[in-house]
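K.L.:
Using the numbering used here, you'd call the opening residue of the sequence shown number 5 and step up by one each time.
Cβ coordinates follow ideal geometry from the N, Cα and C atoms, glycine included.
Predicted model, so just to flag it, every value in this text is computed and none were measured.
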Amino acid sequence: MSGVSTWGARHAQAMLGAVGRLARMPLATFLTITVIGVALAIPVALALVVHNARVATGDFRNAIDFTVHFKLGTPIARVEQLAKQLRERDGIDTVIVTPAEQALQEFRRVSGFGEALAALEDNPLPHHLLVRPKPENAVPTEVESLRRYLAAWPEVDIVQLDSDWVRRFNAILDVLRRGLWGGVFVLGLGVLAVVGNTIRLEIQHRRAEIEVTKLVGGSNAFVRRPFLYTGTLYGLAGALLAALLIWAGVSYLDRSVAALAAQYGSKFQLAGLSWRDFGTLAGVGAILGWVGALISTGRHLRRIEPRA
5 MSGVSTWGAR HAQAMLGAVG RLARMPLATF LTITVIGVAL AIPVALALVV HNARVATGDF
65 RNAIDFTVHF KLGTPIARVE QLAKQLRERD GIDTVIVTPA EQALQEFRRV SGFGEALAAL
125 EDNPLPHHLL VRPKPENAVP TEVESLRRYL AAWPEVDIVQ LDSDWVRRFN AILDVLRRGL
185 WGGVFVLGLG VLAVVGNTIR LEIQHRRAEI EVTKLVGGSN AFVRRPFLYT GTLYGLAGAL
245 LAALLIWAGV SYLDRSVAAL AAQYGSKFQL AGLSWRDFGT LAGVGAILGW VGALISTGRH
305 LRRIEPRA
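Encoded structure:
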């Protein structure tokens, strides 16, 4: 048998042995995998919340619409001229002109005061523009610059922009993003601790077996190998459980979120894990399990030596 075949056979034997030991302790294995799965699912769920929030708000495109109200008596021709000038400005995505007559008709339709408004001799509503910047220009500095530009027109009476809400929402997402990385770090340490402690207990449980193996010439690397596979399997199984929890949560909320979005004329649907995300999660889980086992075996196996 060649060296490569021997190496592969030893690793296959170690992996199958790790699977067998986990199968012989179903309750303990299930509890450990559950803890790891929940620890991995929390930061992933937070990442999906941030992602879906950004998608739902169109990356702030709908939140930064300007409504530019002109002074009463401003000719519609002047409004059209300014709208044309604004469309030629860099960073502008959409400019929609709403004449005063159209605004009044829409207000009558949605307000329920149609008869009362019909008694008015003059239209109290002005012409206005709906201005939407391009997504790449939807940063706070660009938004404030555009607001000042519009407010400087002498024909403009009011420029409406819920910029405070935009800044608050942007700050919330920034906090969530920072919390995400903090959560990844803390819960990653938690996974290492869970795997490391589990491997430590197994090493203590198999102490006599390890002493005999070393007595007949087994190296630390040989003894360590099945424990590394055990840690890797713990991490991989925990990642699979985390993906299952995320899928169940998205499936549970998807219909309610879609119904809520429909009330606002949107077809938004919750986004779950992509195949790439799933692969990344599985890889991170396996690596954390392997590292946790490596740390634990490196610390505890050196203390076990054959008795004379």
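Here's a check: name, in chain order, each residue in its chain whose Cβ is nearer than 6 Å to the Cβ of His73, leaving out the five neighbours to either side.
P.N.:
Once the five neighbours on either side are set aside, the close Cβ partners of His73 are Pro130, His132, Asp161 and Ile162.
K.L.:
With a threshold of 8 Å on Cβ separation, who are the neighbours of Leu177 within its own chain once the five nearest residues in sequence on each side are excluded?
P.N.:
Only Val54, Ala57 and Arg58 meet the Cβ criterion.
K.L.:
Which residues share a DSSP beta bridge with Leu164?
P.N.:
This sequence places Gln at residue 164; Leu is not what is there. DSSP output for Gln164 lists Thr71 as bridge partner(s).
K.L.:
What residues in its chain sit with their C-beta under 7 Å from that of Leu20, if we drop five residues either side in the sequence?
P.N.:
None.
K.L.:
Tell me which residues share the same chain as Gly186 and place their Cβ nearer than 8 Å to its Cβ, disregarding the 5 neighbours each side in the sequence.
P.N.:
Closer than 8 Å at the Cβ level, and outside the excluded window around Gly186, lies no residue.
K.L.:
What do you get for Ile80, buried or exposed, if any count of 16 or more other CB atoms within 10 angstroms of its CB means buried?
P.N.:
Looking at its Cβ environment, which holds fewer than 16 other Cβ atoms inside 10 Å, Ile80 is exposed.
K.L.:
Could you tell me how far apart the beta carbons of Val4 and Leu205 are, in whole angstroms, since I believe they sit closer than 8 Å?
P.N.:
Nothing about residue 4 can be read from this structure; the chain reaches only from 5 to 312.
K.L.:
Counting only the same chain and skipping the five closest in sequence on each side, list residues whose C-beta sits under 6 Å from that of Gly217.
P.N.:
Gly is not the amino acid found at residue 217; the sequence shown has Thr there. Val227, listed in sequence order.
K.L.:
What is the DSSP secondary structure of Val135, reduced to helix, strand or coil?
P.N.:
In this structure, Val135 counts as strand in the three-state DSSP scheme.
K.L.:
Let me confirm a value: Leu248 is counted as buried when at least 16 other C-beta atoms fall within 10 Å, else exposed. Which label applies?
P.N.:
With fewer than 16 Cβ atoms within 10 Å of its Cβ, Leu248 is classed as exposed.
K.L.:
Would you call the CB atoms of Leu298 and Asn224 closer than 8 Å?
P.N.:
Not in contact: Leu298 and Asn224 (Cβ atoms no closer than 8 Å).
K.L.:
Kindly indicate which residue of Val39, Arg14 and Arg211 has the alpha-carbon position closest to the one of Gly192.
P.N.:
Among Val39, Arg14 and Arg211, the Cα nearest to that of Gly192 belongs to Val39.
K.L.:
What three-state label does DSSP hand Thr217 in the structure shown?
P.N.:
Here Thr217 sits in helix by DSSP.
K.L.:
Can you tell me where the beta strand (DSSP E) with Asp97 in it begins and where it stops?
P.N.:
Taken as a continuous stretch (DSSP letters only), the beta strand (DSSP E) holding Asp97 covers Ile96 to Thr102.
K.L.:
Please report the distance separating the alpha-carbon of Phe189 from that of Gly253.
P.N.:
Their backbone Cα atoms lie some 23 Å apart in a straight line.
K.L.:
Mapping DSSP to helix, strand and coil, what is Ala212?
P.N.:
Here Ala212 sits in helix by DSSP.
K.L.:
For the alpha helix (DSSP H) that Gln273 lies in, which residues bound it at each end?
P.N.:
Premise fails: Gln273 is in no alpha helix (DSSP H) and is neither H nor E.
K.L.:
What is the C-beta distance between Asp94 and Val135, in whole angstroms, given that I count them as a contact (C-beta under 8 Å)?
P.N.:
Between Val135 and Asp94 the Cβ distance is about 13 Å, and since that is not below 8 Å, they are no contact.
K.L.:
How long is the line joining the alpha carbons of Gly235 and Arg28, rounded to whole angstroms?
P.N.:
For Gly235 and Arg28, the distance between alpha carbons rounds to 16 Å.
K.L.:
In the DSSP assignment, find the unbroken alpha helix (DSSP H) run with Leu52 in it and report its ends.
P.N.:
Pro30 to Ala60 is the extent of the alpha helix (DSSP H) around Leu52.
K.L.:
Keeping to the same chain, check which residues put their C-beta closer than 8 Å to that of Lys75; ignore five residues upstream and five downstream.
P.N.:
Cβ within range, chain order: Pro130, Glu159, Val160 and Asp161.
K.L.:
Does the Cβ of Ser3 have 16 or more other Cβ atoms within 10 Å, making it buried, or fewer, making it exposed?
P.N.:
Residue 3 falls outside the range modelled here, since the chain spans only 5 to 312, and no answer is possible.
K.L.:
Within the same chain, show all residues whose beta-carbon is closer than 6 Å to that of Asp63, passing over the 5 residues directly before and after it, in chain order.
P.N.:
Residue placement at Asp63 is poorly supported in this model, since its pLDDT is 47, which falls under 50; the coordinates still yield a value, given next. Excluding sequence neighbours, Asp63 sits near Pro139.
K.L.:
Where Leu219 and Trp279 are concerned, what is the direct C-alpha to C-alpha distance, given to the nearest angstrom?
P.N.:
Cα to Cα, the separation comes out at about 47 Å.
K.L.:
The alpha helix (DSSP H) with Thr145 in it runs from where to where?
P.N.:
First-last of the alpha helix (DSSP H) with Thr145: Pro144 to Ala155.
K.L.:
Report the residue from Leu277, Ala266, Phe34 and Thr33 whose alpha carbon sits nearest the alpha carbon of Ser255.
P.N.:
Looking at the Cα atoms, Leu277 is the closest of the given residues.
K.L.:
What residue from Arg14, Arg303 and Val198 has the CA that sits closest to Arg41's CA?
P.N.:
Note on identity: in this sequence residue 41 is Gly, with Arg being the wrong assignment. It is Val198 whose Cα lies nearest to the Cα of Gly41.
K.L.:
Give every residue of the same chain whose Cβ lies closer than 6 Å to the Cβ of Ala212, excluding the five residues on either side of it in the sequence, and list them in chain order.
P.N.:
Closer than 6 Å at the Cβ level, and outside the excluded window around Ala212, lies no residue.
K.L.:
Measuring only the C-alpha atoms, how far is Gln17 from Phe231?
P.N.:
Distance between the alpha carbons of Gln17 and Phe231 is about 12 Å.
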